[in-house]
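Structure first, then comments.
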Amino acid sequence: MQRFSQVNRSNTGTMAANVALFARSADDDYLAVPEKPVEDADTTAESSQFSESSSPLARRKRVRTPTALNIWAESRQPNRHEPERNKHGQKIWYCKRCSYSQAAHNRVRGHLRDKHCVLIFEHQSAKKLGQGVAIDRLFRQQAARQNGQDVERERYLRASVDEVAYNQALVNLITAHSLPHSLVEWPECRQLRKALLALRELEGSHSGEAIAETFLQVVDSYGVRAKMGYFTLDNAYNNDTMMHTVAETCGFNSTHRRLRCNGHIINLAVQAFLFGKNKEASDEALRQVSRLSRREQEGAVGRAETATAWRQYGALGMLHNLVVWIRSSTQRYQAFLQAAGRIIPQDNSTRWNSWYRMIHVAIALRKELNSFMDDRYSESDIRFDYLHPEHWQELQEIHDFLQPFYEITKDTQWDKTSLDEVICSMDFLVTHYKAAMEQFQHNTTMVDRIMTSWYKFDDYYTRTDDTPVYAAAILLHPSLREAHLKEAWKDQPQYIGPAIAAVRKLWDDFKPQQEPEIEEDLSAYEAYKKRIYQKSSCHDEFSRFIEGPTLPIGDSSALSWWLEPTQQTSYPSLYHLAINIFSIPAMSAEAERVFSGARRTVSWDRGRLSAQIVEYTECLKHWIKSGLLDQPYMIPEPMDAELDSRDIEMLSEGIEPRVVPLE
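Quick note on numbering: the sequence shown equals residues 1 to 663 in full-length UniProt numbering.
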């Protein structure tokens with residue numbers, strides 16, 4: 001595998017308030033779980049404060065009622081030298097069976113369960129019990145109504161379908177297009193499916209242990225703990241802790257199962273290129289830019305001060321100042337829109353490729369932007385951000401370097417993208433770095449940018465060696481196989497052997513163990529026939545496939561190719577491993593989409609929706625859009641609208657809200 005140099009490895013992690021869990025499966029033997037990247041704690045606090053100011057009920061602090069009071073029956077009083085409360089005023093729980101103590105009470109039950117085999121259950125309030133009873137009753141009644149409607153619909157459908165004409169059309173289809181005669185027996189749901197399993201509010205600590213506990217609760221509620229596959233996560237430290245905790249509980253190798261979102265890797269490399277001065281100061285530079293963007297958005301400092309800070313980044317910062325300046329006035333905004341026909345998008349610290357898009361549009365509107373600035377050159381201190389030809393040249397060079405990163409991010413964010421494209425895109429970026437270093441060898445500024453980005457990228461590129469499924473996605477792709485590794489890594493062939501050996505170890509652990517053959521009393525002729533006809537089947541499926549010739553599959557995905565009946569027959573065991581691997585998403589983009597969509601669910605006039613109702617709504621929305629619910633004709637009104645105080649009272653008293661059809 002192509003390497004650049006030994007680099008310092010570091011993760012940039014933040015905290016999260018919610019956890020989104022997904023299941024992707026092409027058959028019932030595999031689940032891959034991408035998780036929403038954790039958000040910055042300051043951003044979470046900011047959004048929380050903003051939400052409080054937008055709702056009149058949010059001004060009253062909600063008093064939480066303890067739901068696991070039985071934990072105190074398993075505690076002891078603190079000794080004289082032991083504090084009763086921590087520095088935050090939280091009461092400390094001391095285990096009466098060992099020396100364990102904990103102020104975060106949500107971890108106490110896990111300690112009692114794992115160390116002392118003592119189970120403590122939550123006591124639900126009467127209000128929650130009433131809500132649960134009401135919701136269960138609604139769904140039971142709806143199911144009963146729906147069953148009756150389904151029977152009636154099926155009766156009308158059978159009466160309206162001409163079975164003879166249908167069978168004749170099916171025969172014509174099979175014969176005219178040379179389709180397999182077994183087409184009528186193909187399962188209809190052999191494509192990759194995805195489902196949102198939960199969107200849980202993570203109360204209390206956002207540590208990796210707390211995330212792991214919530215995750216395992218969700219997995220156990222669906223009964224799929226034994227089917228857990230791989231985890232596509234961002235690079236936060238608490239995700240590493242979460243993986244170690246889950247792996248220790250479930251008994252698997254956390255390093256092998258922990259995959260990193262390709263979009264996050266590319267974004268970190270791009271950020272290092274834009275703002276990092278060298279590999280040592282790269283992480284600190286990114287933190288400074290994040291703080292500067294946040295303070296600017298909050299209005300914590302004046303525009304003149306932030307503009308001066310941004311100018312230290314050259315033409316990039318000057319363009320940022322111009323875009324902010326245009327957008328800060330309604331008159332300037334409308335005037336530029338009328339002159340240019342569109343507005344230059346502003347960069348965003350949390351949105352991938354936002355800097356590239358800003359530069360891309362600005363270059364396209366260079367003439368209009370310069371003319372707009374010429375007419376207002378004397379206004380304020382904006383003349384310090386006037387873009388001269390050398391600045392436009394710098395922006396063009398930045399744009400050209402970032403273009404492949406933008407294209408790869410867009411290409412690998414879809415559901416059909418698998419891990420083979422991650423490795424192929426990384427191999428391409430290595431060649432891109434080399435070409436850029438040669439192109440800008442006399443431009444010290446660009447060389448420093450490229451080197452800093454390359455170090456950051458290589459840090460995560462080398463980590464793909466820790467997870468054999470990346471190489472497995474190449475070896476098991478019908479159009480790539482072993483031949484691609486030998487071609488792509490021909491400059492450093494020492495990495496080919498270990499990669500294949502790691503995948504073979506994965507295959508050896510996965511394939512079923514062969515049962516000892518029973519001695520048969522065969523004649524010489526029968527033994528000869530058995531030997532020659534079973535010769536091919538005795539050859540290892542893995543070796544036979546990766547050493548075989550590559551096959552072009554066109555626009556079809558590798559997963560679709562492996563799901564064909566021919567592959568199931570030719571590789572009856574390897575077929576299952578391939579499905580597992582090609583079901584893994586390259587990015588956690590779907591989790592990003594769910595969180596963005598949840599913001600539209602919790603609109604400004606629906607700020608009183610509880611976290612549980614939001615979770616129900618988002619799961620139903622995702623199941624409907626994914627086609628997992630065939631006939632979602634009716635949904636309880638509280639699931640589709642905000643719950644006001646009257647709705648809550650009705651649910652708590654066991655009274656059913658009105659049920660309306662979903663248009």
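Built from N, CA and C at the ideal position, the CB exists for glycine as well. Remember, predicted model here, so these are calculated numbers, not experimental data.
For this session: Go to Thr-214, then tell me how far its alpha helix (DSSP H) extends in each direction, as first and last residue.
Result: Reading the sequence shown from its first residue, position 214 is the one you call residue 214. 208-222 is the span of the alpha helix (DSSP H), which, as asked, contains Thr-214.
Exercise. Between Ala-195, Leu-112, Trp-93, Asn-70, which lies nearest to Ile-624 when the distance is taken from Cα to Cα?
Worked result: In the sequence shown, residue 624 corresponds to position 624, counting from 1. Of the residues Ala-195, Leu-112, Trp-93, Asn-70, the one whose Cα lies closest to the Cα of Ile-624 is Ala-195.
For this session: Give the straight-line distance between the Cα atoms of Thr-409 and Leu-268, rounded to the nearest whole angstrom.
Result: In the sequence shown, residue 409 corresponds to position 409, counting from 1. In the sequence shown, residue 268 corresponds to position 268, counting from 1. If I take the Cα positions, the gap works out to 12 Å.
Exercise. The alpha helix (DSSP H) with Lys-367 in it runs from where to where?
Worked result: Locating residue 367 in the sequence shown gives position 367, where the first residue counts as 1. It spans 366-375 - the alpha helix (DSSP H) in which Lys-367 sits, taken as one unbroken run.
Exercise. CA-CA distance, Arg-608 and Ser-254?
Worked result: Stepping through the sequence shown from its first residue, residue 608 is reached at position 608. Stepping through the sequence shown from its first residue, residue 254 is reached at position 254. Their Cα atoms are separated by approximately 39 Å.
Problem set entry | DSSP state of Leu-112 mapped onto helix, strand, coil | Locating residue 112 in the sequence shown gives position 112, counting from the first residue. Correct three-state label for Leu-112: helix.
Exercise. When the Cα atoms are used, what is the spatial distance from Leu-259 to Phe-231?
Worked result: By one-based count along the sequence shown, residue 259 stands at place 259. By one-based count along the sequence shown, residue 231 stands at place 231. Near 6 Å, if we compare the C-alpha coordinates of Phe-231 and Leu-259.
Problem set entry | Cβ neighbour criterion (16 or more within 10 Å) applied to Lys-530 | By one-based count along the sequence shown, residue 530 stands at place 530. With fewer than 16 other beta carbons inside 10 angstroms of its own, Lys-530 counts as exposed.
Exercise. Between Glu-368 and the rest of its own chain, which residues show a CB-CB distance below 7 Å, the 5 nearest in sequence each way excluded?
Worked result: What you label residue 368 is simply residue 368 of the sequence shown in a count that begins at 1. Closer than 7 Å at Cβ, skipping near neighbours: Ala-339, Ala-340.
For this session: Could you give the DSSP three-state label for Met-242: helix, strand or coil?
Result: Numbered from 1 along the sequence shown, position 242 holds the residue referred to as residue 242. In this structure, DSSP gives Met-242 a helical state, which the three-state scheme calls helix.
Problem set entry | Cys-117, enclosing beta strand (DSSP E) - first and last residue | Stepping through the sequence shown from its first residue, residue 117 is reached at position 117. Membership of Cys-117 in any beta strand (DSSP E) is not indicated, and neither H nor E is assigned to it by DSSP.
For this session: Have a look at the DSSP bridge pairing and note the partners of Cys-95.
Result: As a position in the sequence shown, residue 95 is number 95, starting the count at 1. DSSP lists Ser-75 as the bridge partner or partners of Cys-95.
Problem set entry | Residue nearest to Asp-509 in terms of C-alpha spacing, selected from Leu-112, Leu-319, Ser-573 | Residue numbering aside, residue 509 sits at position 509 when the sequence shown is read from its first letter. Of Leu-112, Leu-319, Ser-573, the residue nearest in Cα terms is Ser-573.
Problem set entry | For Asp-381 and Arg-342, the rounded distance between their alpha carbons | As a first step, residue 342 is located in the sequence shown; it is residue number 342 there, counting from the start. As a first step, residue 381 is located in the sequence shown; it is residue number 381 there, counting from the start. Roughly 24 Å separates the two Cα atoms.
Problem set entry | Helix, strand or coil at Leu-31 according to DSSP, with G and I counted as helix | As a first step, residue 31 must be located in the sequence shown, where it is residue number 31. Model confidence at Leu-31 stands at a pLDDT of 47, short of 50, so the residue's coordinates are unreliable; what they give is reported in the following sentence. The DSSP-derived three-state label of Leu-31 is strand.
Exercise. Using 8 Å as the Cβ pair cut-off and three pairs as the minimum, do the stretch 437-449 and the stretch 464-476 touch?
Worked result: Below 8 Å, too few C-beta pairs join the stretch 437-449 and the stretch 464-476 to call them touching: fewer than three.
Exercise. Given Gln-413, which residues of its chain have a CB within under 7 Å of its CB, disregarding the five upstream and five downstream residues?
Worked result: Sequence index remark: in the sequence shown, residue 413 carries index 413 (1-based). Excluding residues within five positions, the ones whose Cβ falls inside 7 Å are Gly-263, Met-587, Ala-589.
Exercise. Does any CB atom of chain D fall closer than 8 Å to the CB of Leu-202?
Worked result: You won't find chain D in this structure, because it holds only one protein chain.
Exercise. Residues in its own chain within less than 7 Å of Glu-615 by CB, not counting five upstream and five downstream?
Worked result: As a first step, residue 615 must be located in the sequence shown, where it is residue number 615. Taking Glu-615 as the centre and dropping the five residues before and after it, the same chain places the C-beta of Ala-198, Leu-199, Arg-200 closer than 7 Å to its C-beta, in chain order.
Exercise. Hey, how far is the Cα of Cys-538 from the Cα of Leu-522?
Worked result: Walking along the sequence shown from the start, residue 538 turns up at place 538. Walking along the sequence shown from the start, residue 522 turns up at place 522. Bear in mind that a pLDDT of 43 at Cys-538, under 50, signals an unreliable position, so the number given afterwards is only what the model happens to contain. Going by the C-alpha atoms only, they are around 19 Å apart.
Problem set entry | Buried versus exposed, by CB contacts within 10 Å (16 or more), Pro-56 | Position 56 of the sequence shown, counting from 1, holds the residue named residue 56. The predicted position of Pro-56 is uncertain, since its pLDDT is 42 and thus under 50; a value taken from the coordinates is nonetheless stated next. By the C-beta density criterion, Pro-56 is exposed, having fewer than 16 other C-beta atoms within 10 angstroms.
For this session: Within 10 angstroms of the Cβ of Tyr-455, are there 16 or more other Cβ atoms? Answer buried if so, exposed if not.
Result: Translated into the one-based positions of the sequence shown, residue 455 becomes position 455. Residue environment analysis places Tyr-455 among the buried positions, since at least 16 neighbouring C-beta atoms fall within 10 angstroms of its C-beta.
Problem set entry | Sequence-distant residues of the same chain with beta carbon closer than 8 Å to His-399, five excluded per side | In the sequence shown, the residue the question calls residue 399 occupies position 399. Same-chain partners within the cutoff: Tyr-356, Ile-359, His-360, Ile-363.
Exercise. Any idea what DSSP makes of Tyr-571, helix, strand or coil?
Worked result: Here the question's residue 571 lines up with position 571 in the sequence shown. Three-state DSSP puts Tyr-571 in coil, outside helix and strand.
Exercise. Which one or two residues does DSSP pair with Glu-487 in a beta bridge?
Worked result: Taking the sequence shown and counting its residues from 1, the one referred to as residue 487 is at position 487. When beta bridges are read from the DSSP output, Glu-487 appears opposite no residue.
Exercise. Which residue's Cα is closest to the Cα of Asp-234: Gly-251, Asp-220, Gly-208, Tyr-222?
Worked result: Within the sequence shown, residue 234 is the residue found at index 234, counting from 1. When each option's Cα is compared against that of Asp-234, the closest is Gly-208.
Problem set entry | Alpha carbon of Gln-567 to alpha carbon of Cys-117, nearest angstrom | On the sequence shown, position 567 is the one that residue 567 refers to. On the sequence shown, position 117 is the one that residue 117 refers to. Between the C-alpha atoms of Gln-567 and Cys-117 there is a straight-line separation of about 47 Å.
Problem set entry | Candidates Ser-479, Phe-273, Ser-378, Arg-351: closest to Glu-592 by CA position | Position 592 of the sequence shown, counted from the start, is the residue given in the question as residue 592. Considering only alpha carbons, the answer is Arg-351.
For this session: Please say whether Ser-453 and Phe-273 have beta carbons closer to each other than 8 Å?
Result: Taking the first residue of the sequence shown as position 1, residue 273 is located at position 273. Taking the first residue of the sequence shown as position 1, residue 453 is located at position 453. Inclusion of Phe-273 and Ser-453 in the CB contact set at 8 Å is warranted, their separation being smaller than that value.
For this session: Taking the CB atoms as reference points, tell me whether Ile-500 and Leu-475 lie closer together than 8 Å.
Result: Here the question's residue 500 lines up with position 500 in the sequence shown. Here the question's residue 475 lines up with position 475 in the sequence shown. Yes. Within cutoff.
Exercise. Is the CB-CB distance between Ala-472 and Ile-581 below 8 Å?
Worked result: For the purposes of this step, residue 472 is identified with residue 472 of the sequence shown, where counting begins at 1. For the purposes of this step, residue 581 is identified with residue 581 of the sequence shown, where counting begins at 1. Contact: yes.
For this session: Round the Cβ separation of Pro-468 and His-256 to the nearest angstrom and send it over; I've been treating them as touching at under 8 Å.
Result: Counting from 1 along the sequence shown, the entry for residue 468 is found at position 468. Counting from 1 along the sequence shown, the entry for residue 256 is found at position 256. That pair is a contact at about 7 Å.
For this session: Tell me, please, whether the stretch 384-391 touches the stretch 314-322 by the rule of three or more beta-carbon pairs shorter than 8 Å.
Result: Verdict: yes, contact present.
For this session: Tell me, to the nearest whole angstrom, how far the beta carbon of Val-219 is from that of Leu-402; I am working on the premise that it is less than 8 Å.
Result: Mapped onto the sequence shown, residue 219 falls at position 219. Mapped onto the sequence shown, residue 402 falls at position 402. Contact flag wrong, Cβ pair sits at about 39 Å.
For this session: Throw me the rounded Cβ distance for the Ile-553 and Ser-479 pair, which I believe falls under 8 Å.
Result: Mapped onto the sequence shown, residue 553 falls at position 553. Mapped onto the sequence shown, residue 479 falls at position 479. Right, their Cβ atoms sit about 6 Å apart.
Problem set entry | With 16 other Cβ atoms within 10 Å as the buried cut-off, status of Ser-53 | The residue labelled residue 53 in the question sits at position 53 within the sequence shown. Interpretation of Ser-53 is limited by its pLDDT of 42, a score under 50 that renders its predicted location unreliable; no figure is taken from the coordinates.
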